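*Asks:*
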Amino acid sequence: MDKILFLKPVLCERLWGGRNLEQFGYDLPAGKIGEAWVIAAHDNGSSLIINGKYSGKTLKEAYKEDYKLFTQKQYEKFPLLIKILDASDELSVQVHPDDNYAKKYENGELGKTECWYVLDAEKNSQLIYGHTAKNHEEFNKKIDNKEWDKLFIKENVKKGDFFYIPAGTLHAIGGGILIYEVQQNSDTTYRVYDYDRVDKNGNKRELHIEKTKQTTTVPFKKIVSDYTKTVKDDAVITNLAQERYFGVYKIELDGSATLEKNKTGNLFTVLNGAGVIKIDGQTFSLKKGDSFILTTACRNYELIGEMFLIGSYDRVQ
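Per our numbering, the sequence shown starts with residue 756, numbered consecutively.
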């Protein structure tokens, strides 16, 4: 059984995108590229596996054929979706539904709980994280009256910040921010405000006012993560989240470290630096932008080099 699988990302043009994803070594097509789906197995885009038994197949195809290589339990679909987002301009203010709502109203789609790690941010960058309404009546009234400045909660952001965003959380990434996103495997978004922008054809994007009212959690409650750190050899490992759907952690390496992973598949992206990973006597080179899965067949591995990685795994209850 393959113990490590490398993947080629899906690159997506977005109204708010730019060219910053080139720094990860990705061959960007022309245009505003806003998203790299670095580990994806969704109907709207699936990463291509580039080594091992499933080389040339999509992750979606491989998971359907042999789920036990990726997860301990069998899910209807691959549970997580990992992205890098280049927000050169503001994203729409939006909310995502939970599992129950999405299953009922979005043709069986999953809900979308997600989290963000800020890879870079221009000076004075902000994002929207939550709202001020105390009850649904106030929330609906502020939307109907378009009192956006009174409704949205804005937060200043800097490199290294982390945000956990459960389904039902009103949010938006601001311009000038580069994000690593771990989320449920869903592509369902309800926009409530889009800055009155138009696309290249002069059309405004669709808003989803009623669905936003139905799915947003009121009142908003900010969740602060407990960042526990452990040191293993030359690696500092920081726990970023252990929530209902996923666990997320970062590895900062300067030297070498022999590490042990849990039983499920772990999803990684090298976000800075370079080095190698050794598994059972085999050595694989790693560089910035590489994404890979350590499968259920892998328990122990060694990292060597100077690297910053983020890892994640499924915890769906």
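By construction, the Cβ of each residue, glycine as well, lies at the ideal position given by its N, Cα and C atoms. It should be emphasised that the depicted structure is a prediction, and the values quoted were computed from it without experimental measurement.
1) What is the DSSP secondary structure of K968, reduced to helix, strand or coil?
2) Measure the C-alpha to C-alpha separation of F833 and A791 and round it to an integer number of angstroms.
3) When we look at the beta-carbon of D1035 and count the other beta-carbons within 10 Å, is it buried (16 or more) or exposed?
4) What are the partner residues of F1063, as DSSP defines its beta bridges?
5) Beta-carbon separation of L814 and T1051 under 8 Å?
6) CB-CB under 6 Å to K859, same chain, minus the five flanking residues each way: which ones, in chain order?
7) Which residues in the same chain as L1022 place their Cβ atom closer than 6 Å to its Cβ, once the five residues preceding and following it in sequence are excluded?
8) Scan the stretch 839-877 and note each continuous beta strand (DSSP E) run of 3 residues or more that stays entirely inside, going in chain order.
9) Looking at C-alpha atoms only, which residue of L882, K1005 and Y884 is the closest neighbour of N1027?
10) Any contact between the stretch 867-875 and the stretch 909-922? By contact I mean 3 or more CB pairs, one from each, below 8 Å.
11) Per DSSP, what kind of secondary structure is N958 in: helix, strand or coil?
12) Check whether the stretch 905-915 touches the stretch 1030-1046, counting contact only when three or more Cβ pairs, one atom from each stretch, lie closer than 8 Å.
13) Nearest by alpha-carbon distance to S941: which of Y809, A785, L835 and W771 is it?
14) Contact check, K1033 vs Y1056 under 8 Å by CB: the rounded distance?
15) Between E864 and A1029, what straight-line distance do the alpha-carbon atoms span, to the nearest angstrom?
16) Compare the C-alpha of D989 against each of D854, L1058, T826 and R1054 and name the closest.
17) Which residues does DSSP list as the beta-bridge partners of Y919?
18) Compute the beta-carbon to beta-carbon distance between I788 and G807, rounded to the nearest angstrom, for a pair I have assumed lies under 8 Å.
19) Let me know if H891 comes out buried or exposed under the rule of 16 or more other beta-carbons within 10 Å of its beta-carbon.
20) Please name the residue in N956, C767, Q938 and T887 whose C-alpha comes closest to that of N842.
21) According to DSSP, is N895 part of a helix, a strand, or is it coil?
22) Measure the alpha-carbon distance for L762 versus I805 and round it to whole angstroms.
23) Between the stretch 960-974 and the stretch 927-934, can you find at least three pairs of beta-carbon atoms closer than 8 Å?
24) Examine the ligand SAM and report whether any of its heavy atoms sits within less than 7 Å of the Cβ of G930.
25) Is the beta carbon of K984 less than 8 Å from the beta carbon of A1012?
26) Are the Cβ atoms of D742 and L770 separated by less than 8 Å?
27) Helix, strand or coil: how does DSSP classify Q829 here?
28) Where does the unbroken beta strand (DSSP E) through A996 begin, and where does it stop?
29) Candidates L933, G957, Y818 and I992: which alpha carbon is nearest K878's?
30) Is the distance from the Cβ of F1039 to the Cβ of I759 below 8 Å?
31) Evaluate D782 with the Cβ neighbour count: other Cβ atoms within 10 Å of its Cβ, from every protein chain shown; 16 or more gives buried, anything less gives exposed.
32) Straight-line CA distance for N820 to S802?
33) Under 8 Å, do K977 and G866 count as touching if we go by C-beta distance?
34) What are the uninterrupted segments assigned as alpha helix (DSSP H) that are 4 or more residues long and contained completely in the stretch 790-814, given in chain order?
*Replies:* This is what the structure gives:
1) The answer is helix: DSSP assigns K968 an H, G or I state.
2) In a straight line, the C-alpha of F833 is about 18 Å away from that of A791.
3) So D1035 ends up on the exposed side.
4) In DSSP, F1063 forms a bridge with E1007 and N1027.
5) Contact flag unset, no.
6) Excluding residues within five positions, none has a Cβ falling inside 6 Å.
7) Taken in chain order, the residues that qualify are I794, I837, I1048 and S1067.
8) The stretch 839-877 contains these whole beta strand (DSSP E) runs: 848-850 and 869-876.
9) Residue K1005 is the option with its Cα nearest to N1027.
10) Enough Cβ pairs lie closer than 8 Å, so yes.
11) The three-state secondary structure of N958, taken from DSSP, is coil.
12) With the cut-off at 8 Å, the stretch 905-915 and the stretch 1030-1046 do not touch.
13) Out of Y809, A785, L835 and W771, L835 has the C-alpha closest to the C-alpha of S941.
14) Right, their Cβ atoms sit about 7 Å apart.
15) Distance between the alpha carbons of E864 and A1029 is about 37 Å.
16) Nearest option by C-alpha distance: L1058.
17) Paired residue(s): C870.
18) The C-beta distance from I788 to G807 rounds to 28 Å, too long to meet the 8 Å contact threshold.
19) Exposed, since its Cβ has fewer than 16 Cβ neighbours within 10 Å.
20) Sequence inspection shows Ala at residue 842; the Asn mentioned does not correspond to that position. Among N956, C767, Q938 and T887, the Cα nearest to that of A842 is on C767.
21) Residue state, collapsed to three classes: helix.
22) If you take the alpha carbons of L762 and I805, they lie about 6 Å apart.
23) Contact between the stretch 927-934 and the stretch 960-974 is absent: fewer than three C-beta pairs spanning the two stretches fall below 8 Å.
24) In terms of ligand content, the structure shown is empty, and the ligand SAM therefore cannot be addressed.
25) In this structure, A1012 does not lie closer than 8 Å to K984 by Cβ.
26) With the chain running from 756 to 1072 in the structure shown, residue 742 is simply not present.
27) In the displayed model, Q829 falls within coil according to three-state DSSP, outside both helix and strand.
28) Boundaries of the beta strand (DSSP E) around A996: A990 to Q997.
29) Looking at the Cα atoms, L933 is the closest of the given residues.
30) Yes, the pair counts as a contact, with Cβ atoms nearer than the cut-off.
31) By the 10 Å Cβ count, D782 comes out exposed.
32) With the sequence shown as reference, residue 820 is identified as Glu, and Asn is not the correct amino acid for it. Roughly 15 Å separates the two Cα atoms.
33) Contact check for K977 against G866 fails: the beta carbons are separated by 8 Å or more.
34) The DSSP assignment places no complete alpha helix (DSSP H) segment of no fewer than 4 residues inside the stretch 790-814.
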